[in-house]
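Numbering (our numbering), first residue to last: 197 to 423.
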């Protein structure tokens, strides 16, 4: 669409946006109200073109409304090297460090640089009878690498032996590496209860997660990163 062309969008609710002055503002549009905006806006940071994307990696556009240029918060956070968190209960966007009651991002939702991610379990039981509603099991190969760029302070979760593998004779090891250095290691086998971990990853640029099990015998609940 040409920059001088107008596009009409139907917007309801709150759009969290960032002005070029970096001031965070909410752009309000009443339900059912049509507003006219200009699209095809190019944004450069230090002469490098910004290509905004949403949380799923899909391209999104900046736009101009009433003389103000709006950008997606996530695109801005990535451009300046800050994490972004959304609190739906309070309608609040957090850029950068925020101490909350839950991780800034779950590892299952973070795109890996290498590896195949995880199988997601919406309900899973461990060998001690605990039920988890947000856990992952490894895929083959079990190693996953993430570019963190020093944005997070810790990684946490609960490493457990699944109920259907409680009598296994194998040893399954979880290893966490930060910039090539071993930060944490834990091993599960029959009779070992779930292990909760909370590992400092302050300043870590490259995180590698290794799970020796590739047959779904173990899981990690609430596997997330904190700012």
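Cβ coordinates follow ideal geometry from the N, Cα and C atoms, glycine included.
Here the C-alpha atom of residue 383 lies approximately 13 Å from the C-alpha atom of residue 364.
Between residue 344 and residue 402, the gap from beta carbon to beta carbon is short of 9 Å.
The closest CA to that of residue 387, considering only 259, 332, 311 and 359, is found on 359. With a cutoff of 9 Å on beta-carbon distance, residue 355 and residue 415 are scored as near each other.
Within the same chain, 318 and 319 come within 7 Å of residue 329 by CB-CB distance, once the 5 residues on both sides are set aside.
Scanning its chain for C-beta atoms nearer than 6 Å, with the 5 sequence neighbours on each side dropped, one finds around residue 391 the residues 355 and 382, in chain order. C-alpha of residue 370 to C-alpha of residue 347: approximately 22 Å in a straight line.
Here the C-alpha atom of residue 264 lies approximately 11 Å from the C-alpha atom of residue 258. In terms of CA proximity to residue 310, 336 leads the group 322, 418, 298 and 336.
Counting other Cβ atoms within 10 Å of its Cβ, residue 240 stays below 16 and is therefore classed as exposed. Counting C-beta atoms within 10 angstroms of its own C-beta, residue 324 has fewer than 16 neighbours from the protein chains shown and is therefore classed as exposed.
Going by DSSP, residue 341 is part of the beta strand (DSSP E) stretching over 340 to 343. In terms of CA proximity to residue 326, 417 leads the group 417, 421 and 266. In terms of Cα proximity to residue 238, the closest of 248, 232 and 230 is 248. In this structure, residue 385 sits near residue 357, with a CB-CB distance shorter than 9 Å.
In the DSSP assignment, the residues bridged to residue 315 are 333. The beta-bridge partner set that DSSP reports for residue 350 consists of 396 and 422. Contact between residue 421 and residue 303 holds: their C-beta atoms lie close to 7 Å from each other, under 8 Å.
At least 9 Å separates the beta-carbon of residue 366 from that of residue 404. Here DSSP, grouped into helix, strand and coil, assigns residue 305 to helix.
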